[in-house]
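Notes follow once the structure below has been shown.
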Amino acid sequence: MNGFTASELNELRNQFPALHQRVFGKPLVYLDNAATTQKPQLVIDRITKYYSYENCNIHRGVHYLSQEATAAFEDVRTKVAGFIHAAKSEEIIFTKGTTESINLLAGSLDGFLIGIGDSVLVTGMEHHSNLVPWQQLCKRNQAKLLVAELDDRGEVFLEQFGKLLEQKPKLVAITHISNALGTINPVKEMIAMAHANDIPVLIDGAQSVAHMHVDVQDLDCDFFVFSGHKMYGPMGVGVLYGKEKWLDKMPPWQFGGEMVDQVSLQETTFNQLPFKFEAGTPNVAGVLGLGAAIEFLNQTSLEKIGQHEHQLLDLAMEKLRSVQGIRFIGNAKNRAGVISFVVDGTHPTDIGTLVDKMGVAVRTGHHCAQPVMTRFDVPGTVRASFALYNTAEEVEVFAAAVQKAAGMLH
Amino acid sequence: MTIKEIQEQIVSEFSMFEDWMDKYNYLIEMGKEVPRIDERFKTNNHLISGCQSRVWLHAENRDGKVYFTADSDAVITKGIVNLLIRVFSGQSPEAILEADTDFIEQIGLKEHLSPTRSNGLVSMVKQMKLYAQVYKLKQDN
Ligand SMILES: Cc1ncc(COP(=O)(O)O)c(C=O)c1O
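Line by line, the protein sequences are chains A and B. Sequential numbering of the first sequence, starting at 6, is according to the numbering used here. Sequential numbering of the second sequence, starting at 107, is according to the numbering used here.
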């Protein structure tokens, strides 16, 4: 495990203006990366450049600016396809984020794939975004939501997952990495299990794409979704990847301009992929910013990023272990740079409030995964999540801050 | 003491602290001493809806004055709740309704009472005033 050299890390940090500020008189230690990452200058510049010089509506104008912007926009589609190794760029649909991607799927599959009396299978560690759309779809269809349970380490019981597949759900929707526990699910194995039963699989990649190399063809997932803002890109842009064989047949979800072919007052024929799923004016600046973020990640090497974050994770676990009463929620064997914990006798918000005053930004609460909190019987947790620009020194500051906060509260 | 006087007293107490650590240590102590709500009132009816920690509030009207008791599962929240109780408890409904909570800002804890903070303290102040409003209406009738 190599990660970055000190000078590489320093150079990386220098590309992120937001990191170089003080809060409450202390240097900011930003450890809320699972919520959203900071943005490198080249992403910020790309957005500024678009609005300064390139702004115009795409796909519709014959004029110069529109042609240029359309080409730049479509170029990002190709980049995204390359980034997750999709077979074709038509399989990349731009959305406003993971949540919208999943809602698009749930909307389109409602009545198309999933109908009255069917079932959908999720795990007990899903973010509300990959739970509530399926739960509500099931309610609309008197369908059943099947849930694969978690063991005490925060891993899915694969045996039970296999048993649930025998009930022939119409779709399996699972997260790649849990934002609340850090668990990396063995998705390739789970997808193979589902496919052995002819069941398509959606992977929620919101927490994985910025931390590991994703190859959707190798995983063989049918759908894969993620958000730009958790991978150093802008907010308001995300991706739905789907195998062409699915997307081609699926009905559109939203209707309007862009997604149509011929329209009369009574009838409409729809545009081809990917446009049939992209109604209305898209977030062009966001898509271009996402393209810049992908360039940034490609230059930086996801392999090194993963190694670096893993080193920080190990260091943080080691340092935190000495905090009296600390209990880690989520101890999966295979995990990403997310640490969730409670300190017995204290409330997570108390810890969060105190470490904030020491310059450390962590998340407290249920992390939009209330069923996970219920499963582990905690009101919420304190969560630290690492990104490529975090340093060992920051981890030390964080651990010392937690130590001090716990001391004040005990 | 009037609400204003108590608020001034709190502001002067907090002015002694040089850094936020001492301030928070004091808040934590205050949290431990909050006039505790009777266990039988710790029900959903008395729960202030806030996102993260739970806060329960109860009020009683005795001789034209309102008395508050509370609890929370987060101790810093409880400390601030106790500050509010010190200020409002034992006051008349009219005085509670007229009062502001600017002293929170003066002691440097403004962020805890900002509407964007999901700790329920803003709803807590609203709820205290609502109790005062109800008691005032009862008196007027
Ligand atoms: C695992 C997971 N899924 C989905 C989401 C939702 O992402 P967004 O809010 O960008 O739509 C998140 C974000 O917190 C997440 O961590």
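Note that CB positions come from ideal geometry on N, CA and C, so glycine has one too. For clarity, every value in this text was computed on a predicted model and none was experimentally measured.
Would you say residue i and residue j are within 8 Å of each other, going by their C-beta atoms?
i         : j         : result
B:Ile-182 : B:Met-234 : no
A:Ala-86  : A:Ile-97  : yes
A:Leu-36  : A:Val-367 : yes
B:Tyr-237 : B:Val-187 : no
A:Trp-139 : A:Ala-111 : yes
B:Phe-147 : B:Ile-213 : no
A:Phe-301 : A:Tyr-237 : yes
A:Asn-202 : A:Lys-248 : no
A:Thr-369 : A:Val-383 : no
A:Ala-321 : A:Val-377 : no
A:Gly-243 : A:Glu-105 : yes
A:Met-413 : A:Leu-359 : yes
A:Ile-179 : A:Val-125 : no
A:Pro-353 : A:Gly-330 : no
A:Ala-284 : A:Gln-267 : no
A:Asp-209 : A:Asn-135 : yes
From this set, the options, which residue's C-alpha is nearest residue i's C-alpha?
i         : options                                       : result
A:Leu-17  : A:Val-28, A:Leu-318 and A:Leu-47              : A:Leu-47
A:Phe-228 : A:Val-192, A:Gln-259, A:Gly-335 and A:Phe-381 : A:Val-192
B:Phe-194 : B:Ala-205, B:Gly-185 and B:Lys-184            : B:Ala-205
A:Ser-12  : A:Tyr-394, A:Ile-331 and A:Leu-245            : A:Tyr-394
A:Gly-8   : A:Ala-392, A:Ala-404, A:Thr-103 and A:Ala-406 : A:Ala-392
A:Leu-176 : A:Phe-117, A:Leu-293 and A:Glu-73             : A:Phe-117
A:His-371 : A:Met-363, A:Val-365 and A:Gly-357            : A:Gly-357
A:Lys-409 : A:Val-328, A:Val-265, A:Gly-210 and A:Gln-72  : A:Val-328
A:Leu-56  : A:Val-377, A:Leu-293, A:Phe-333 and A:Ile-299 : According to the sequence shown, residue 56 of chain A is Tyr rather than Leu. The shortest Cα separation from A:Tyr-56 among A:Val-377, A:Leu-293, A:Phe-333 and A:Ile-299 belongs to A:Leu-293.
B:Leu-215 : B:Phe-123, B:Leu-163, B:Met-107 and B:Pro-141 : B:Phe-123
A:Ala-341 : A:Glu-323, A:Leu-325, A:His-313 and A:Gly-350 : A:His-313
A:Leu-252 : A:Pro-279, A:Gly-285, A:Asn-60 and A:Tyr-58   : A:Pro-279
B:Leu-257 : B:Thr-207, B:Gln-115 and B:Gly-185            : There is simply no residue 257 of chain B to check, as chain B begins at 107 and stops at 247 in what is shown.
A:Ala-290 : A:Gly-241, A:Asp-266, A:Lys-250 and A:Lys-254 : A:Gly-241
A:Ala-337 : A:Thr-354, A:Leu-33, A:Leu-207 and A:Ile-182  : A:Ile-182
A:Val-137 : A:Gln-375, A:Pro-45 and A:Ala-298             : A:Gln-375
B:Gly-196 : B:Asp-169, B:Leu-227 and B:Trp-126            : B:Asp-169
A:Lys-31  : B:Lys-138, B:Asp-125 and B:Lys-129            : B:Asp-125
Let me know the secondary structure DSSP gives residue i once reduced to three states.
i         : result
A:Ala-389 : strand
A:Pro-22  : helix
A:Tyr-237 : coil
A:Pro-353 : helix
B:Glu-166 : strand
A:Arg-380 : helix
A:Tyr-394 : coil
A:Pro-138 : helix
A:Val-348 : strand
A:Gln-436 : The structure shown does not extend to residue 436 of chain A, since chain A spans only 6 to 415, so no value can be given for it.
A:Lys-175 : coil
A:Pro-256 : coil
A:Ile-63  : coil
A:Thr-41  : coil
A:Ile-182 : strand
B:Val-181 : helix
B:Ile-154 : strand
Cα separation between residue i and residue j?
i         : j         : result
A:Asn-190 : A:Asp-225 : 15 Å
B:Met-230 : A:Ile-344 : 32 Å
A:Asp-80  : A:His-64  : 13 Å
A:Leu-295 : A:Pro-239 : 6 Å
A:Lys-101 : A:Val-214 : 16 Å
A:Val-402 : A:Gln-26  : 16 Å
B:Val-240 : A:Gly-129 : 44 Å
A:Gln-43  : A:Thr-305 : 15 Å
B:Leu-190 : A:Ser-94  : 59 Å
A:Val-161 : B:Phe-174 : 47 Å
A:Glu-131 : A:Gly-233 : 19 Å
B:Asp-177 : B:Glu-135 : 14 Å
A:Asn-38  : A:Thr-75  : 31 Å
A:Phe-78  : A:Phe-282 : 16 Å
A:Thr-103 : A:Cys-61  : 26 Å
A:Ala-199 : B:Ala-180 : 43 Å
A:Arg-380 : A:Lys-362 : 31 Å
A:Phe-166 : A:Met-217 : 24 Å
B:Leu-243 : B:Glu-111 : 26 Å
A:Leu-155 : B:Gln-113 : 50 Å
A:Val-152 : A:Lys-168 : 11 Å
B:Leu-153 : B:Val-161 : 6 Å
So is the beta-carbon of residue i under 7 Å away from any non-hydrogen atom of ligand 2?
i         : result
A:Ile-299 : Ligand 2 is not part of the structure shown, which contains ligand 1 as its ligands.
Of all the CB atoms in chain E, is at least one closer than 8 Å to the CB of residue i?
i         : result
B:Thr-183 : No chain E appears in the structure shown, which is made up of the protein chains A and B.
Residues surrounding ligand 1 [beta-carbon distance to nearest heavy atom under 5 Å]: A:Gly-102, A:Thr-103, A:Thr-104, A:His-132, A:Ser-134, A:Thr-180, A:Asn-184, A:Asp-209, A:Ala-211, A:Gln-212 and A:Ser-232
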